[in-house]
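In our numbering, the protein residues as written are -4 to 400.
Where a beta carbon is used, it is the ideal one built from N, C-alpha and C, also for glycine.
Report on one structure; see the data block that follows.
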Amino acid sequence: MAYIGPIQPLIISRDRGLPPDSVIFGRSPKMQRVREAVEKLQGHNLTILIQGESGTGKEILAMLLHDRSPWAKGALVKVSCPAIPGTLLESELFGYERGAFTGAYGSKPGRVELAQGGTLFLDEIGELDLGLQAKLLQLLQDGQFSRIGGQVDKRVELRVICATNRRLDQEAQAGTFRRDLFYRINVASVCVPPLRERREDIRDLVEYFLETQSAGFNCKLKPLSPGLMRVLENYEWPGNIRQLENLIKRYVILGTEDAITADLMEVASSSFDTQISDPGPFSLKKLVRQAAQDCERKIILEALQAHQWNRRHTARALRIGYRTLLQKMQQARLAGRNGNGRSEGTESLPAIPGQPPGYEIPPEAPALRGSGNGKSGNGSDRSHYKKQHKAIIEEHKHGEPAIQA
Ligand SMILES: Nc1ncnc2c1ncn2[C@@H]1O[C@H](COP(=O)(O)OP(=O)(O)OP(=O)(O)O)[C@@H](O)[C@H]1O
Ligand SMILES: [Mg+2]
């Protein structure tokens, strides 16, 4: 085995600058359960398994658990299992003695020894190969291990925290992860919910990231518009909090909401649904066309919402012509024109003398809607509505909106 020097920083800095508890745990019921679990577990010397999708904050919880434990006096030593090639992982974890393999000119302690009196954080433990799993099991059972090429067993006192974004229970059933190790590390587990299951926390997270990123880049930005905030609260967040954090960073650097919408559109377009509901024969061409249309509708709708239904801004953000956008909105029934002012799933505007063919407002555009019977609920709605109406008429005359929504 060839020796290669250390690959990543061993010890997570003490000055971690963790977000405040109110941001880490938010207000959602699912995160309150996580908070309760953390409070119960923090003082006990139990191995803890933190589970959750990528970017949900597993590492943040590991740091918090360490900081609040009796092992906080020691170091928090992280081992990112997938980042270290298989053959090197054993020497990184357990260390080696001189002459253990070609190139081992001296001896070296592993990260297990460096974590003496502190916490060993095994990130993505599902990536450990079966041989190393056996060695780890011995460490967890009796605190003993041996360096590669070592003749004697060593003993350490430490706490182990593991994290994974994989279903280790299923892998243990399937035999790809040692069942005995799974039971050993799963003594206490914390499941971090994905961001889409804690939407109540999105607004606070956005505000926190806006504040910290703006301070980091030394700039002051307007808060996000209510329309865009609604989009963020309804978005699926496949990359969870990490994706949200990066999005806000991009907004802070570029200073425009278009930066965010363009990003969201890209993700949406790469993740549209192509489920086949009918098990019978199907036309691939038809399915693909339908999926593409659904995806396009979703993107246009999200972009419109992000730009408060301002079509000129939306077209610019999507990098298509204004007329193309109108055409696509019509095709996607986001604004239908059928002469009688009605079509499925939309509401029609009340007749106004001299108006162009019936222009419909999609149900997703509450700001533009009246009461649906032509009599709007309140005066300001009504005047806003009339303004929109006039703008639409102008738009028909000149092909460009007269006022901005
Ligand atoms: N509650 C939170 N408050 C503020 N920032 C958070 C929170 N949770 C996560 N983050 C931020 O999101 C990013 C991802 O968090 P973290 O690395 O802890 O996730 P993870 O679950 O370990 O992801 P992975 O599985 O990809 O390793 C980090 O930059 C972190 O600072
Ligand atoms: Mg992580």
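Rounded to the nearest angstrom, the Cβ distance from residue 91 to residue 143 is 4 Å, consistent with a contact under 8 Å. Scanning its chain for C-beta atoms nearer than 8 Å, with the 5 sequence neighbours on each side dropped, one finds around residue 199 the residues 17, 18, 21 and 22, in chain order. Going by DSSP, residue 114 is part of the beta strand (DSSP E) stretching over 114 to 118.
Residue 193 and residue 236 have their C-alpha atoms some 11 Å from each other. Residue 246 sits buried, since 16 or more C-beta atoms from the chains shown fall within 10 Å of its C-beta.
Taking C-beta atoms as the reference points, residue 37 and residue 64 count as a pair closer than 7 Å.
Within the stretch 2 to 64, the runs of alpha helix (DSSP H) at least 4 residues long that lie entirely inside it are, in chain order, 16 to 20, 24 to 36 and 53 to 62. The beta carbon of residue 239 sits closer than 8 Å to the beta carbons of 190, 197, 200, 201, 204, 227 and 232 from its chain, once the five residues preceding and following it are set aside; these are given in chain order. The C-alpha of residue 106 lies about 13 Å from the C-alpha of residue 154. Excluding five sequence positions before and after residue 111, the CB atoms of its chain that fall closer than 8 Å to its own CB belong to 69, 151, 152 and 153, given in chain order.
Counting of Cβ neighbours within 10 angstroms places residue 212 among the exposed residues, the total staying below 16. Beta-carbon to beta-carbon, residue 183 and residue 41 are separated by about 5 Å, close enough to satisfy the 8 Å threshold.
The beta carbon of residue 133 is closer than 7 Å to those of 139 and 140 in its chain, skipping five residues each way along the sequence.
Residue 75 and residue 119 do touch by the CB rule: their CB atoms are close to 7 Å apart, below 8 Å. As the crow flies, the alpha-carbon of residue 176 is around 24 Å from that of residue 55.
The stretch 143 to 189 is shown to contain whole alpha helix (DSSP H) runs of 4 or more residues at 163 to 169 and 174 to 180, in chain order. The three-state secondary structure of residue 121, taken from DSSP, is helix. Nearest to residue 32 by alpha-carbon distance, out of 128, 100 and 186, is 186. The DSSP-derived three-state label of residue 90 is strand. Residue 205: not part of any beta strand (DSSP E); member of the alpha helix (DSSP H) spanning 197 to 211, first to last residue. For residue 248, same chain residues with a beta-carbon under 7 Å away, outside a window of 5 residues either side, are 212 in chain order. Excluding its 5 nearest sequence neighbours in each direction, residue 39 has C-beta neighbours in its own chain below 8 Å: 183, listed in chain order. Not a single heavy atom of ligand 1 lies less than 6 Å from the C-beta of residue 156.
In terms of CA proximity to residue 116, 157 leads the group 170, 157, 147 and 181. Residue 111 carries a coil assignment under DSSP once its states are collapsed to helix, strand and coil. By the beta-carbon neighbour count (other beta carbons within 10 angstroms, threshold 16), residue 85 is buried. Nearest in C-alpha terms to residue 170, of all of 160, 14, 128 and 61, is 128. In the DSSP assignment, residue 313 falls within the alpha helix (DSSP H) that extends over 306 to 313. In the DSSP assignment, residue 323 falls within the unbroken alpha helix (DSSP H) covering 317 to 326. Out of 304, 308 and 242, the CA that lies nearest to the CA of residue 222 is found in 304. The continuous alpha helix (DSSP H) containing residue 249 extends over residues 235 to 249.
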